[in-house]
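Following: one structure in structure tokens, then a few remarks.
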Ligand code: GLU
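Spelled out as structure tokens, the structure:
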């Protein structure tokens, strides 16, 4: 456990929510959490499930058969990938899916390549297994996208797995299809597994589009594990439903692991997820249009701050500005040491919660979610502007 740190995204969000509950006017850019309610037809499905005695009982560990089937159908619809329901393991959120997939695939001494900036909950399960995360640094000059040369330089005989996330949390970058294909082919040619996190698949903007790695690089499919879930697409963060899609032996092993942890995930939430994945995407299209507007607002406001350089987010709902120019100068009469220190000051002085780049393996940056109400967004960035000037 000494190798594990608490999640900075979760703790930033918890701090902001606790301060707000205590009456402080905190604006939270911390967690990636849509501010919209879960669509009504999904909530209704859960209400019906609450009244159905069958849902009061244990159900199969890998998920309700109807939900596994619906996820397979949805995967064909949205990604063009053929999978069987038996390859789908329903988990308590995307994070649980990542954790169980990594525990299933990695052995002590294995290496997992992880492009930075990365979501903080990828390296910790790797450490828990006794495997090693090999971080490959990307920055704004490459659009925060890893190159084949970088991957090749990081590869050793111990490389077991690549962790890949597009659209990216935290950077908002989206890999073009040709780059996804090249990365998949590279992994396949070296027998390297890919864990591809597709949780932001529906949240892309302008001409950027998500493509599923095993679809554009079919050679990688036999060593590919997909992570997905309903949280971001359907504003269902609190319902905790994610899933793994894996080659059958991995799916079977992950289900065996889960049979000793959670058994089945909450049936009520699974019924809600079933309504979500088998229903229309209208609400998603609507929410995405709001995120798109907020994205432009946030990018515009942040870009006006002297010393802040903010790439235009292409997907997900995060802006990931470089604060290098701010950290060089003094604020409120003192020189800032790091983005971590700036994030602390923003919370205590300006009552604005952002997640410091350190959490994502990228000191000097910060992540700001734009999945919050337009007024809060403008007020929060306004406070940052005031504080920094
Ligand atoms: N995935 C979201 C985020 O990155 C929620 C918090 C978490 O679980 O890390 O903000």
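Residue numbers (our numbering): 56 to 444. In this text, a Cβ means the ideal position worked out from N, Cα and C, and glycines have one as well.
For residue 283, the enclosing beta strand (DSSP E) begins and ends at 279-284.
Residues 360, 381, 386 of the same chain have their beta carbon placed closer than 7 Å to that of residue 443, with the five preceding and five following residues left out of the count. A direct Cα-Cα distance of roughly 34 Å separates residue 274 from residue 59.
A distance below 8 Å between beta-carbons, with the five flanking residues on each side excluded, links residue 383 to the following residues of its chain, in chain order: 362. Taking a contact as a CB-CB distance under 8 Å, the pair residue 280 and residue 305 counts as one, their CB atoms being some 6 Å apart. In this structure, the C-beta of residue 424 approaches the ligand GLU to less than 8 Å from one of its heavy atoms.
Judged by their CB atoms, residue 168 and residue 210 are nearer to each other than the 9 Å cut-off. Closest by C-alpha distance to residue 250, out of 195, 315, 316, 181, is 181. The secondary-structure analysis by DSSP pairs residue 249 across a beta bridge with 217, 279. Between the ligand GLU and the CB of residue 81, the shortest heavy atom gap is not smaller than 8 Å. Rounded to the nearest angstrom, the gap between the Cα atoms of residue 200 and residue 226 is 9 Å.
Residue 389 is classed as exposed because its beta carbon has fewer than 16 other beta carbons within 10 Å across all chains shown. Checking the 8 Å criterion, the Cβ of residue 88 is within range of a heavy atom belonging to the ligand GLU. Within the region 326-367, the complete alpha helix (DSSP H) runs of at least 4 residues fall at 337-358.
Residue 257 places its beta carbon 9 Å or farther from that of residue 68.
Of the candidates 286, 278, 414, 105, 286 places its Cα closest to the Cα of residue 87. With contacts defined by Cβ atoms closer than 9 Å, residue 421 and residue 410 form a contacting pair. Judged by DSSP in its simplified three-state form, residue 297 adopts strand. Residue 57 and residue 341 have their alpha carbons spaced roughly 44 Å apart. If one requires a minimum length of 4 residues, the alpha helix (DSSP H) runs lying completely within the region 77-137 are 95-106, 120-134, in chain order.
Of the heavy atoms belonging to the ligand GLU, none sits nearer than 8 Å to the Cβ of residue 240. Annotation for residue 424: the continuous beta strand (DSSP E) segment containing it runs 421-424. Separation of the CB atoms of residue 217 and residue 254 is rounded to 17 Å, and the pair is thereby denied contact status at 8 Å. Between the region 93-100 and the region 328-339 there are three or more C-beta pairs closer than 8 Å, enough to call the two in contact. Counted as a single uninterrupted DSSP element, the beta strand (DSSP E) harbouring residue 189 occupies residues 187-192.
Per the C-alpha coordinates, the member of 320, 278, 405 positioned closest to residue 298 is 320. Residue 186 and residue 157 have their C-alpha atoms some 10 Å from each other.
Here the C-alpha atom of residue 322 lies approximately 42 Å from the C-alpha atom of residue 194. Burial check for residue 262: the Cβ neighbour count within 10 Å stays below 16, so the residue is exposed. In this structure, the beta-carbon distance from residue 240 to residue 219 does not fall below 9 Å. Residue 166 carries a strand assignment under DSSP once its states are collapsed to helix, strand and coil. Not a single heavy atom of the ligand GLU lies less than 8 Å from the C-beta of residue 435.
Residue 407 sits buried, since 16 or more C-beta atoms from the chains shown fall within 10 Å of its C-beta.
Set against 8 Å, the gap from the CB of residue 225 to the closest heavy atom of the ligand GLU is smaller. Rounded to the nearest angstrom, the Cβ distance from residue 159 to residue 276 is 17 Å, too far for a contact under 8 Å. Under the three-pair Cβ rule at 8 Å, the region 334-348 does not count as touching the region 162-179.
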